[in-house]
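J.: Counted from 1, the sequence shown has number 239 at position 240 by numbering that gives the first Met the number 0; the numbering is strictly sequential.
Backbone N, C-alpha and C fix where the C-beta goes; we use that ideal spot for every residue, glycine too.
My questions all concern the structure below.
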Amino acid sequence: MASDRGLPLLAEAPSMDSTQKTARPGVDIRVALSSSTKTTALKGRQGLSSAKPQLDLSSVAIPLRSKVKAVIRRIARVCYRAVKPFARPIAFRLRAYFTIVLQHEIQQAHLRTIKELEQHARLQRQSTERLLATHTATLLKALKSSQKATSPELEALRAQSEEQLAGVQQLLQKILVPGDTFVNVGAGVGANALAAHLALEGQGRVVAFAPSSAVHAPLRGPLRIDDILGDNDRADLIVIDSGNAGLHVLEGASRSIAFNRNIAVVVELGTRQAGGIGDSSRKLLPFFNDRGFQYAVIDSASGALHESADLVMGQTKAAGLLFARPGSPAWARARGEQ
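Here it is, written out as structure tokens:
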């Protein structure tokens, strides 16, 4: 060991262990400094960019969206007004096309319902007619028996009318149809009224008057009629059996005869005129001629119509005369043409 006198002291060299602890092998100081400089510059630029003012896009998008919607609305409104005149008929036709099957089914169901109601009404009417005919026949039998017991004169008139008026009754059943109005002046015991009732089948009106006191007295109870005509001026067929008073009856019915253009009038000849037309019946011809009527003779047995002058002159037995205007349905019905 050297003496510390006269020699300078030398610094002690660092040991190997301390050198290894402080040194970083493989690291260049220049690279480290360069990286530090770049990091500092990047942070500086980020700070500057964050300091710039930012643009708010939401505030710009809202007015633009409103303008676009307004333009679209105007375009849609113009298109609707332009298409409306054509679109509405097309829409109605499309609706009709798709609903026509349903409408057809509803109409068919409605028609079936109407047919069922008509059939029900027809059956009910037939039942009522049968019931009425039964009660009428029973009432007529009772009436005839009571008349026979209480009024021999009335029974004689009934038997006489059944024999002489068979042709007239057959003619009534040809001319009258359901719904007509039948008027009988001089109804007697009601033989013609009953025939008219059967011809009308319960659908119509039968108005009968019995002016004869011998007939009126026993029928006054069951056949009371007060104001039976009322305001109904319609009459399709009038049968008159009033003897010499026929012209007065016609004058009293002149308004109805003028009002009803298709009316038919039957004038019965009666027992004293059964061989032909008597003077009282001849007086009726001018009344009908002035009103445009034609006439034919009714056969007393069959009810057929004859226009021969021989019948008028009394060479053939006649039950009465049929008067009607040309073209009246009564002519076709009486001849069996309708």
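Look at the Cβ atom of Leu170, then the Cβ atom of Ile262, and state whether they are nearer than 7 Å.
T.: Walking along the sequence shown from the start, residue 170 turns up at place 171. Walking along the sequence shown from the start, residue 262 turns up at place 263. No, the pair does not count as a contact, with Cβ atoms beyond the cut-off.
J.: Would you grab the beta carbon distance between Met167 and Val265 for me? Rounded to a whole angstrom, and I think it's under 8 Å.
T.: For the purposes of this step, residue 167 is taken as the residue at position 168 of the sequence shown. For the purposes of this step, residue 265 is taken as the residue at position 266 of the sequence shown. With the sequence shown as reference, residue 167 is identified as Val, and Met is not the correct amino acid for it. Confirmed, Cβ separation roughly 6 Å.
J.: What's the gap between the Cα of Lys114 and the Cα of Ala331?
T.: Residue 114 sits at position 115 when you count from the first residue of the sequence shown. Residue 331 sits at position 332 when you count from the first residue of the sequence shown. Those two C-alpha atoms are separated by around 31 Å.
J.: Using the DSSP secondary-structure output, state which residues sit across from Leu236 in a beta bridge.
T.: Translated into positions along the sequence shown, residue 236 becomes position 237. Beta-bridge pairing links Leu236 to Phe181, Ala263.
J.: Run the CB neighbour count on Val77, radius 10 Å, all protein chains shown included, and call it buried at 16 or more, exposed below.
T.: Numbered from its first residue, the sequence shown carries residue 77 at position 78. When all chains shown are included, Val77 counts as exposed.
J.: For the stretch 288–305 and the stretch 232–246, state whether three or more C-beta atom pairs, one from each stretch, are separated by less than 8 Å.
T.: Segments in contact, no.
J.: Can you grab the Cα-Cα spacing for the pair Ala190 / Ala295, in whole Å?
T.: For the purposes of this step, residue 190 is identified with residue 191 of the sequence shown, where counting begins at 1. For the purposes of this step, residue 295 is identified with residue 296 of the sequence shown, where counting begins at 1. Approximately 22 Å between the Cα atoms of the pair.
J.: Which word fits Ile105, buried or exposed, when buried means at least 16 other C-beta atoms lie within 10 angstroms of its C-beta?
T.: Translated into the one-based positions of the sequence shown, residue 105 becomes position 106. Burial call: exposed.
J.: Between the alpha carbons of Pro325 and Leu175, how many angstroms are there, rounded?
T.: Reading the sequence shown from its first residue, position 326 is the one you call residue 325. Reading the sequence shown from its first residue, position 176 is the one you call residue 175. Between Pro325 and Leu175, the C-alpha separation is close to 17 Å.
J.: Rounded to whole angstroms, what is the Cα-Cα separation between Ala86 and Ile99?
T.: The residue given as residue 86 occupies position 87 in the sequence shown. The residue given as residue 99 occupies position 100 in the sequence shown. Distance between the alpha carbons of Ala86 and Ile99: 20 Å.
J.: What does a CB cutoff of less than 7 Å around Val248 pick up in its chain, not counting 5 residues either side in sequence?
T.: As a working mapping, residue 248 is identified with position 249 in the sequence shown. Closer than 7 Å at the Cβ level, and outside the excluded window around Val248, lie Val184, Ile239, Ser241.
J.: What's the C-alpha gap between Gly178 and Gly203?
T.: For the purposes of this step, residue 178 is taken as the residue at position 179 of the sequence shown. For the purposes of this step, residue 203 is taken as the residue at position 204 of the sequence shown. Each residue's alpha carbon lies about 4 Å from the other.
J.: Which value, in whole angstroms, describes the spacing of the CA atoms of Gln107 and Val205?
T.: The sequence position of residue 107 within the sequence shown is 108, counting from 1. The sequence position of residue 205 within the sequence shown is 206, counting from 1. So the alpha carbons of these two residues sit roughly 39 Å apart.
J.: Do Leu246 and Leu199 have their C-beta atoms closer together than 7 Å?
T.: Position 247 of the sequence shown, counted from the first residue, corresponds to residue 246. Position 200 of the sequence shown, counted from the first residue, corresponds to residue 199. Contact flag unset, no.
J.: In the DSSP assignment, the alpha helix (DSSP H) including Val176 goes from what residue to what residue?
T.: Here the question's residue 176 lines up with position 177 in the sequence shown. Premise fails: Val176 is in no alpha helix (DSSP H) and is neither H nor E.
J.: Can you tell me whether Ile256 is buried or exposed, with buried defined as 16 or more other CB within 10 angstroms of its CB?
T.: Reading the sequence shown from its first residue, position 257 is the one you call residue 256. Buried.
J.: With a threshold of 16 other CB atoms inside 10 Å of the CB of Phe258, please say whether the residue is buried or exposed.
T.: Taking the sequence shown and counting its residues from 1, one reaches residue 258 at position 259. Classification for Phe258: exposed.
J.: Within this structure, are the beta carbons of Ala194 and Ala207 separated by less than 7 Å?
T.: For the purposes of this step, residue 194 is identified with residue 195 of the sequence shown, where counting begins at 1. For the purposes of this step, residue 207 is identified with residue 208 of the sequence shown, where counting begins at 1. Contact flag unset, no.
J.: Once the 5 residues before and after Ala303 are set aside, which same chain residues still bring their CB inside 8 Å of it?
T.: Locating residue 303 in the sequence shown gives position 304, counting from the first residue. If we look at Ala303 and ignore the five residues flanking it on each side, its Cβ neighbours are Gly166, Ile297.
J.: Decide if Leu122 is buried, meaning its Cβ has at least 16 other Cβ atoms within 10 Å, or exposed.
T.: On the sequence shown, residue 122 is found 123 positions in, with the first residue counted as 1. Leu122 comes out exposed.
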